[in-house]
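Here's the structure we're looking at; comments come further down.
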Amino acid sequence: MTMTRRLFSTVAFGLAATVSGAALAQEPGLTRTSIKIGMFAPLSGANMAYGFDVANAAKMYFDKINKDGGIHGRKIEVVLEDDRCNANDLVAAVKKLVEQDQVFLLNGGSCSAAVVAAKEYVVRNKMPLVMLNASGDGALYPPTDYIFGAFSISQYAVGGAIVDFAAKNLGAKKIAYINHDDAYGAWNLEASKVDAEQLKVELAVESVAPAINDVTAPFLKLRAANPDALVIVTYARPAALIIKKAHEMGFTKPIILSVTGTASLSQLADNVGGKDALKNFYIQDVLADLPGGPKIKWVYDMYKAAYPDLAAKPDHPQTYMPYGIPSAMAIAKALEAAGPEPTREKFLAAMKKTNFDSGVMAGPVVFSETERAANKATIFIKYDGTNKSLVPGVYTSRWKYKG
Amino acid sequence: MDWSLFWLFAQQGLASGIVVGSVYALLALAIVMIFKTSEVPNFAQGEVFMAAGYLALFLFVFQGQPVWLTVAVTLVVSFLAAALFRRGVLRQVALASGSPVNLVIATLGLSYILKGLVRRTGFGDTPRSFPALVGTDSIMIGQASVTRLDLAILAAAVAVMAFVFWLFAYTKVGRAMRAVGMNPKAAQLMGVNLEKIHMLVWGLSGVVSAIAALLISPKILMTADMGSIVTMAFAAAIVGGFSSLPGAVVGGFIIGIVENFVGLFISSRAIAVAPFAAIMLVLIIRPQGLFGGKFAIKKV
Amino acid sequence: MRYIYLLVAVAALMVLPMLTTGYVVYLANLLLTFTVLCLGLHLVIGECGQFSLAHAAFYGIGIYVSGLLSTHVGWPFPLSMLAAGLVAAAVGVLIGLAALRMRDIYLALATFAFGEAMQWVFLNWRSVTGGPNGLRIAPANLFGWEIITDKQAYPVVLISAVVMIALTVLIARARIGRSFRAVRESEIAAQAMGIDVKQTKLAAFGLSAFFAGVAGSMFALYSTYIHPDSLGFSTTILVLTMVVVGGLGSIGGAVGGAIVFGLISELLRQAPQYQEIFYGLILVLFMMYAPKGLFAFLGDLWGRLRHG
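See the structure below:
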């Protein structure tokens, strides 16, 4: 049984590692023929959909690199841990990967609030951490030498961009804004306020708990503020409830849903009670194309080839799967640039110079001396239940980190 | 806030509160039913509700079975599964140790198992909806807007509650259930088969939860964690009086209305803490709830 | 005689950091923290029979008090640990006062509600707890020596746990322990024997909260970050199952339950697809076949094997 084998190998490896210690290569996780990458994501529980297939995507990309010969003759070896999307388990996973499995670098984190918990430990141990799809803004600002993330999108960008879109594209002067009272919510609201101020639009804000069942009260208050548009920056279920309620109450102004709320679009149409609720509806996205569209079809094909059993199950690949690609690409490129005798320092130095177009996301992956959030570009799609049409333009946030 | 807005909020809060409250009432009824007969608070009630909903989803949406078959199968399976859990697991736990905390932990174990099983099926990934069996167009009651489905939920909930009252108050089986709750040994001496009554109560509680799931899934959308609504049901049961069936129902409506009013007049953020504040207040000021009888000291 | 075993065990545990990686030491720190949490719950539920389900709230208070004192005021950790325990105890006594008239399920539900309300407070009191962004905890210090890594925290964590275990044993043997057990069996009989039931219950609530607060302070030693998500009912339930599965009513059960269940919880992380199901099955099976807890079960088994 896998569990016993893994337990045995963990214990055995732990003993071996402590005994042999520094007898291996200069850098941990590195041998003549392999580089060990420690991956962690939510593989179970309520938030599995945020990371399970994202990790699979990164793994399949690394497999492709290996098939093409590896990086400077070294194959990438992935050790995968379940972080259960909470701070305590994530820290346990990270500590296991760093100290027990002795990986060269960490590639993990789909849950922002949880990944922030590992910041001090990672920095203290001088361990490179390249997030998977977490926004993780709390760990990216102020920038550290070791942590890179927001390959999906920075939440600061989400909040600012959506206000930008509502004001510029839809001409809204007063925007009803509903978010969650969690870390995500705090980050995107902060940026939204910056953009709202600079564009001279007013925000009416309601914050709700993610487990909310009856959205009548917050919606009613927002409607009473007489907005020109409703911006929803919540997770998928509350978002669907709000759109439904808006329709029930005869709300006809534009509704814009942030990328945090878009899980499955077809399911969304069912969940809100049908196409009638989506007459004036826009969604924010961070991919280069519509899900499954021609530009990113190669990612879905690669997934089907790498995981034929999973692809046959309902709801696979999960919505966020493509987000694993830019993260894995960035790592592969930086490892390549670090040369045939890589060290963690060389890898990090190369990461800071990253600037490429993954072909998967709406914007390029760009890091610099002062920037650790990869993607800040979003696009908007008008969706009426059957047809998706891309609204031209790439939207971003005016928010800037004030060191 | 001007008067007209206040009035609108009050009407809508009341209407929506009653609708959502009827769901809390149904689940509270299921919880109190079990508690009245066996002194066990069923911590798996929410997950039974959730699992029943997913079974219906599977049959109706994925297998394309007709509505009547889906409803029938869901209700029957819920009854049997709950009754079997009582017979197979809880009976053994009660025999092994009389301690109520062990029974509670066993129900907790059930809640994890059910959640894990549903997640294994892969349907729990994205929020899903069960197609509404009744139209969702809006109807105005005064200035408040409710949907046809809302009214259907309320009507069905009231019908179920009435049935359960009738059962407990006027039938032989109901009397047996009450007797078991008041004094199991005496009931046994009077010829009541304890285990059969327990199984019946659990089965019934399962059916009520399943009905709640069929009614409300289109309204609140289904995820593997939707069982967390049970917290509201516990609050409802406490406010009403934990061993009172009518209390559970009234408590449900009260909690639903309070939730809405807190959200409308205090803050959306405070909605999450409202049920807990209600529980604490009631238990400190009037622990037997609104309808609970005099607070009896059981242990001597 | 039995103390020799204990001393050997402690000595063996002391050298653990030299033999293994920081990850294993981290696990040990976690298990020791859970041990102290379990002992606290054992006191209030196992010894005194009061179903207080607000444990995670006191744990959280302990973490925040300790963390904030270290970060902002720079107190040496023994002081901040004591403060954490005392503040938590004070809140525990307040809860006890409100709950004096409550019994069994009502007490359980009221304390459950308090625990959840406290988590909401942690999540919304941004100025103190950092709210949803969580709180950074600065390293604890003792006269200039900073505690940063798991291995550095470990000796302190181990000693704290041993001290709390000793304290539990003392309490159990003292008059207050007898009063607890008397109240658990029958309040009326206890009162008839001259025990001040009110004071006894308050002491149980207070001591249990003190233990939870100290456990929180231990957590703050080896952690750099705390988020309110881990301070809710699921943590209280985890501790409750540890105590019940280990064996309600015995100190060994509380300690053993913490260690065994803590390990199981971490091991289950290796089986993501099935862990919830396994966890539930373990609970159900234990309640069905080993109701007095794992150690009583093993003890019985051992006895039966020996005597045939």
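Those protein sequences? They're chains Z, V and U, same order as listed. Mapped onto the numbering used here, the consecutive letters of the first sequence carry residue numbers 1 to 403. Mapped onto the numbering used here, the consecutive letters of the second sequence carry residue numbers 1001 to 1300. Mapped onto the numbering used here, the consecutive letters of the third sequence carry residue numbers 2001 to 2308. Cβ atoms here follow ideal geometry from the backbone N, Cα and C, with glycine treated the same way.
Out of the options, state which residue places its alpha-carbon closest to the alpha-carbon of residue i.
| i | options | result |
| --- | --- | --- |
| Phe367(Z) | Tyr383(Z), Lys95(Z), Ala349(Z), Leu106(Z) | Ala349(Z) |
| Ala2054(U) | Phe2295(U), Arg2181(U), Leu2094(U), Ala2220(U) | Leu2094(U) |
| Val2128(U) | Phe2297(U), Leu2069(U), Ala2212(U) | Leu2069(U) |
| Lys376(Z) | Leu140(Z), Tyr300(Z), Ala58(Z), Ala312(Z) | Leu140(Z) |
| Arg1128(V) | Ile1153(V), Ala1224(V), Arg1087(V), Gly1109(V) | Ala1224(V) |
| Ala161(Z) | Pro28(Z), Phe151(Z), Tyr320(Z), Thr378(Z) | Thr378(Z) |
| Val1067(V) | Phe1130(V), Pro1100(V), Leu1108(V), Met1199(V) | Phe1130(V) |
| His247(Z) | Asp68(Z), Asn133(Z), Asn271(Z), Phe347(Z) | Asn271(Z) |
| Ala1179(V) | Lys1036(V), Ser1016(V), Ala1015(V), Met1001(V) | Lys1036(V) |
| Pro2132(U) | Asn2124(U), Leu2079(U), Tyr2289(U) | Asn2124(U) |
| Lys388(Z) | Phe40(Z), Ser44(Z), Leu241(Z), Asn280(Z) | Asn280(Z) |
| Phe1058(V) | Met1190(V), Val1118(V), Ala1162(V) | Val1118(V) |
| Ala482(Z) | Glu1259(V), Gly1142(V), Ala1272(V) | For residue 482(Z) there is no data in the structure shown, the boundaries of chain Z being 1 and 403. |
| Ala28(Z) | Phe62(Z), Leu97(Z), Asp63(Z), Glu81(Z) | Before going further, note that residue 28(Z) is Pro rather than Ala in the sequence given. That would be Leu97(Z), whose Cα lies nearest to the Cα of Pro28(Z). |
| Val123(Z) | Ala167(Z), Asp181(Z), Lys75(Z), Glu345(Z) | Glu345(Z) |
| Phe2219(U) | Phe2034(U), Tyr2023(U), Leu2294(U) | Phe2034(U) |
| Tyr1960(U) | Leu90(Z), Phe52(Z), Gln284(Z) | Past the boundaries of the shown model lies residue 1960(U); chain U is included only from 2001 to 2308, so the question cannot be answered. |
| Leu2263(U) | Val2183(U), Tyr2026(U), His2042(U) | Tyr2026(U) |
Could you tell me the alpha carbon to alpha carbon distance between residue i and residue j, rounded to whole angstroms?
| i | j | result |
| --- | --- | --- |
| Lys1219(V) | Val1020(V) | 9 Å |
| Val130(Z) | Phe104(Z) | 12 Å |
| Ala338(Z) | Ser110(Z) | 26 Å |
| Tyr1054(V) | Trp399(Z) | 43 Å |
| Ala269(Z) | Glu202(Z) | 30 Å |
| Leu2305(U) | Pro342(Z) | 59 Å |
| Pro227(Z) | Tyr383(Z) | 21 Å |
| Leu2086(U) | Thr2021(U) | 34 Å |
| Leu1194(V) | Val2284(U) | 22 Å |
| Ala2117(U) | Ser1268(V) | 15 Å |
| Arg2126(U) | Ala1236(V) | 30 Å |
| Asp2229(U) | Ala46(Z) | 14 Å |
| Leu2268(U) | Glu2276(U) | 9 Å |
| Tyr323(Z) | Ile296(Z) | 11 Å |
| Lys1196(V) | Trp1202(V) | 10 Å |
| Ala22(Z) | Met2014(U) | Residue placement at Ala22(Z) is poorly supported in this model, since its pLDDT is 40, which falls under 50; the coordinates still yield a value, given next. Taking the straight line from one Cα to the other gives about 24 Å. |
By the DSSP assignment, the beta strand (DSSP E) with residue i in it spans what residues?
| i | result |
| --- | --- |
| His2042(U) | Careful: His2042(U) lies outside any beta strand (DSSP E) and carries neither H nor E. |
| Val78(Z) | 75-82 |
| Ser34(Z) | 34-41 |
Could you pull out every residue in the same chain whose Cβ sits closer than 6 Å to the Cβ of residue i, ignoring the five residues on either side in sequence?
| i | result |
| --- | --- |
| Met1232(V) | Tyr1024, Ile1255, Pro1275 |
| Ser1244(V) | Phe1291, Gly1292 |
| Ala1277(V) | none |
Might you give, ordered along the chain, the residues of its own chain that have their beta carbon closer than 8 Å to the beta carbon of residue i, omitting 5 neighbours on each side?
| i | result |
| --- | --- |
| Thr2111(U) | Phe2051, Ser2052, Leu2053, Ala2054, Ile2095, Ala2099 |
| Ile71(Z) | Ile35, Ile65, Ala332, Leu335, Glu336 |
| Phe2205(U) | Val2044, Gln2050, Ser2052, Gly2092, Val2093, Ile2095, Gly2096, Ala2099 |
List the endpoints of the continuous alpha helix (DSSP H) containing residue i.
| i | result |
| --- | --- |
| Met1182(V) | 1172-1182 |
| Met60(Z) | 52-67 |
| Trp2302(U) | 2294-2307 |
| Gln102(Z) | Gln102(Z) -> no alpha helix (DSSP H), and no H or E assigned at all. |
Under 7 Å Cβ to Cβ from residue i, same chain only, skipping five residues before and after it: list those, please.
| i | result |
| --- | --- |
| Met1994(U) | Because chain U in this structure spans residues 2001 to 2308, residue 1994(U) falls outside the shown range and cannot be described. |
| Val2091(U) | Phe2058, Ile2061, Ala2209 |
| Ala114(Z) | Asp83, Cys85, Asn86, Ala87, Leu90 |
What in chain B is Cβ-close to residue i, meaning under 7 Å?
| i | result |
| --- | --- |
| Asp182(Z) | Of the protein chains in the structure, Z, V and U, none is chain B. |
Exercise for the section: With 7 Å as the C-beta to C-beta threshold (strictly closer), list the residues of the region 1146-1177 of chain V near chain Z in chain order. Expected result: So the list reads Thr1147, given in the order they occur along the chain.
Exercise for the section: Taking only beta carbons into account, state which residues of the region 2280-2296 of chain U come closer than 9 Å to chain V, listed in chain order. Expected result: So the close ones are Gly2280, Leu2281, Ile2282, Leu2283, Val2284, Leu2285, Phe2286, Met2287, Met2288, Tyr2289, Ala2290, Pro2291, Lys2292.
Exercise for the section: Could you name the residues of the region 2037-2070 of chain U whose beta carbon sits closer than 9 Å to any beta carbon of chain Z, in the order they occur along the chain? Expected result: Answer in chain order: no residues at all.
Problem - chain Z contacts from the region 2094-2121 of chain U (Cβ-Cβ distance under 8 Å) - result: Listed in sequence order: no entries.
Exercise for the section: Select from the region 108-121 of chain Z all residues with a C-beta closer than 7 Å to any C-beta belonging to chain U, and list them in chain order. Expected result: Against chain U - using a Cβ distance shorter than 7 Å - the residues of the region 108-121 of chain Z are Ala113, Val116, Ala117, Glu120, Tyr121.
Problem - Residues of the region 270-300 of chain Z whose Cβ lies closer than 8 Å to any Cβ of chain V, in chain order - result: The residues in question are Asp270, Asn271, Gly273.
Practice task
Below 7 Å between beta carbons is the criterion; list the residues of the region 199-226 of chain Z that meet it against any residue of chain V, in chain order.
Solution key: So the list reads Glu206, Ser207, Val208, Ala209, Ala211, Ile212, Asn213, Asp214, Thr216, Ala217, Pro218, Leu220, Lys221, Ala224, given in the order they occur along the chain.
Handout entry: Contact list for the region 85-110 of chain Z against chain U, Cβ threshold 8 Å
Key = So the list reads Asn86, Ala87, Asn88, Asp89, Val91, Ala92, Ala93, Lys95, Lys96, Val98, Glu99, Gln100, given in the order they occur along the chain.
Handout entry: Proximal residues, the region 2207-2239 of chain U versus chain V, C-beta separation under 8 Å
Key = Within the region 2207-2239 of chain U, the qualifying residues are Ile2237.
Exercise for the section: Residues of the region 1252-1280 of chain V with a CB closer than 9 Å to any CB of chain U: list them in chain order, please. Expected result: Legend: CB atoms of the region 1252-1280 of chain V lying less than 9 Å from CB atoms of chain U belong to residues Arg1269, Ala1270, Ala1272, Val1273, Pro1275, Phe1276, Ala1277, Ala1278, Ile1279, Met1280.
Exercise for the section: Could you name the residues of the region 2249-2283 of chain U whose beta carbon sits closer than 9 Å to any beta carbon of chain V, in the order they occur along the chain? Expected result: So the list reads Gln2273, Tyr2274, Gln2275, Glu2276, Ile2277, Phe2278, Tyr2279, Gly2280, Leu2281, Ile2282, Leu2283, given in the order they occur along the chain.
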